[in-house]
Every structure is written in C-alpha cells, then in structure tokens.
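Residue numbers (this note's numbering): 76 to 365.
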C-alpha cells in the first residue's frame, strides 16, 4: 500500500482560482491520458492500489477536488458539481491534455456525468474517449444514502459534522465495504486523515449537497450516459448498500446496450477492496474499444 506521506510526496499543488489543489500525474505523456475522479468523502489516494499498473499503460492524472483530501477546503465555497468539473478541466488544461478517458467513483461519477454532458451538448475544447464508472449514484432514484449522509443533508448537518469522530467514521465505512473485504486499519487511518486535513469536517455538510444536485440535474446527467456516443462501462460491487445490485439492475434496464460488470462480493469501494480485480476488468474494457 502506498502510504499517504508517499502519495503526498509524489504529487504537487496547482493553484486554480486562488485555491491550492493537490494533483498527481505519472506515466508516459505520449500514452492515452486517463483522468481518475474520486468519491465522497475521500480523495485521490483511493486509487493507490491501481496506480502502478495504470501508469504502465496510460498517462494517469488525478486530483483531490475542492473540499477533499489534501486540497483547500474553503468554508464559503458552493461546492457545485459543475465547479468541480471546471476544476478537472483546469487541471487538464494546465497539463496540456485535451483528449482523455475517465475512470470515476461515487461523487466522481457525477462529476464525470457533467463532463460527459458538456461533450454531448456543446462543442468542447476537450474530448472524452471513454468513461468507466465504479459504484456511485448515477441515478438519483436508486441512490440509498446511509444514515450519516441523511443527517448531514438535513437541517442538523452543521451540528452532525461537528460530532463525527474516527470511530463513527470507521463504522460507516465498514457498513459499505463488502463482507469479506473490510477496510484494514491502515485504510481507515488514511481516509480519516484525508477527511480531517485542513479542517475538512467543517465542509462535509456543504459537500453533501451533491445529492440534491443529482435530482436537480437528473435529465442532463442521466441523459449524458444515454445519449453519448463514446464507450461507457460500469464496474460495480454488488454488496454495496448505497449503489450496489439495485443500481446495477437499473443501469442495465435504462441504458441501451449496457456494458456492466458486477463483482458479487465487493462493496462501495471496489478499487480499494480489490484493486487487482478492478484494474483487470478496466484494462479489458480499454482493450475491447481499441
């Protein structure tokens, strides 16, 4: 496992709109570019188990979005999904990347849907070659938030965020991982460090606003998957109580010619629970669309 200190040392900071954003990029710059977009409430470190193999095939780029991980977490930000998509594009622009592929998870799925919607609906300076989604709320009607998320999005949100501690955070993680792939203590420690860095608990209840945004922009974001002409893949752990088997079934029902691979015993964080298996399925997908 790549420790958080190693991950930080191998990254750098970009200034975007006066905010410090942590990024990592590695691999052959002449290879196809791959943008990894993390979920809530974690950070780009989620991809550490896949990083080495992916960088052997692609020029891999990832970032901690605003409010997450090692990046700035301003209390006055709106944390709109559209602004996180702008941030991703700003990083790509600074790196000189215009054509790229996306691998996303959870909150990152929604950011990827917005990026894809821009390509479907406008003439963009960027071109997305393919999109792969891991577990996430692709459809607001199938998203089942856990108890702490329901509290954070309620009027009690500001108070609840102050009461979250490592033990409660650990229990929430254990509920959403697969039964046989529970998070190791080192994983819990790292995700807690990322969450609390830069006083991150203070913005948790603002970041959770992605849930009503998914409802508000459902037509645009679900339409982006349905109407896109680029290859799209879903890889998902079926044991995820938030967006597991029920979401996979809905995806197959709603998306024409759906390309979906379910991993029966994995939960909400498949790239952490079994990085080797998820990497293998992803590489098969990319090989199939060459």
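From the three backbone atoms N, C-alpha and C, an ideal C-beta is built for every residue, glycine too. These numbers come from a predicted model, not from an experiment.
Checklist entry - Tell me which same chain residues have a C-beta within less than 8 Å of the C-beta of residue 79, skipping the five on either side of it? => result 120, 265, 268 and 269
Checklist entry - Which of helix, strand or coil does DSSP assign to residue 94? => result strand
Next on the checklist: Let me confirm a value: residue 140 is counted as buried when at least 16 other C-beta atoms fall within 10 Å, else exposed. Which label applies?
Outcome noted: buried
Checklist entry - Hey, quick one: how far does the alpha helix (DSSP H) through residue 214 stretch, first residue to last? => result No alpha helix (DSSP H) contains residue 214, which DSSP labels as neither H nor E.
Checklist entry - Could you give the C-beta distance for residue 144 and residue 154, rounded to a whole number, given that I count them as a contact under 8 Å? => result Not confirmed; about 14 Å, so no contact.
Next on the checklist: According to DSSP, simplified to helix, strand and coil, what is residue 106?
Outcome noted: coil
Next on the checklist: Using only CA atoms, which one of 165, 287 and 196 lies nearest to residue 97?
Outcome noted: Comparing Cα-Cα distances from residue 97 to each of 165, 287 and 196, the minimum goes to 165.
Checklist entry - What runs of the alpha helix (DSSP H), each 4 residues or longer, lie entirely inside the stretch 95–167? => result 123–132
Item to check | Beta-bridge pairing of residue 372 - partner residues as DSSP gives them | outcome: With the chain running from 76 to 365 in the structure shown, residue 372 is simply not present.
Next on the checklist: Distance check for residue 106 and residue 247, CA to CA, integer angstroms please.
Outcome noted: 38 Å
Next on the checklist: Tell me which residues share the same chain as residue 85 and place their Cβ nearer than 7 Å to its Cβ, disregarding the 5 neighbours each side in the sequence.
Outcome noted: 99
Checklist entry - What residues are listed by DSSP as bridge partners for residue 203? => result 175
Item to check | Local conformation of residue 252 per DSSP, three classes | outcome: coil
Checklist entry - Roughly how many angstroms separate the alpha carbons of residue 257 and residue 338, rounded to a whole number? => result Residue 257 and residue 338: Cα-Cα distance of roughly 15 Å.
Next on the checklist: Helix, strand or coil for residue 292? Go by DSSP, reduced to three states.
Outcome noted: coil
Checklist entry - Can residue 228 and residue 286 be called in contact, C-beta distance under 8 Å? => result yes
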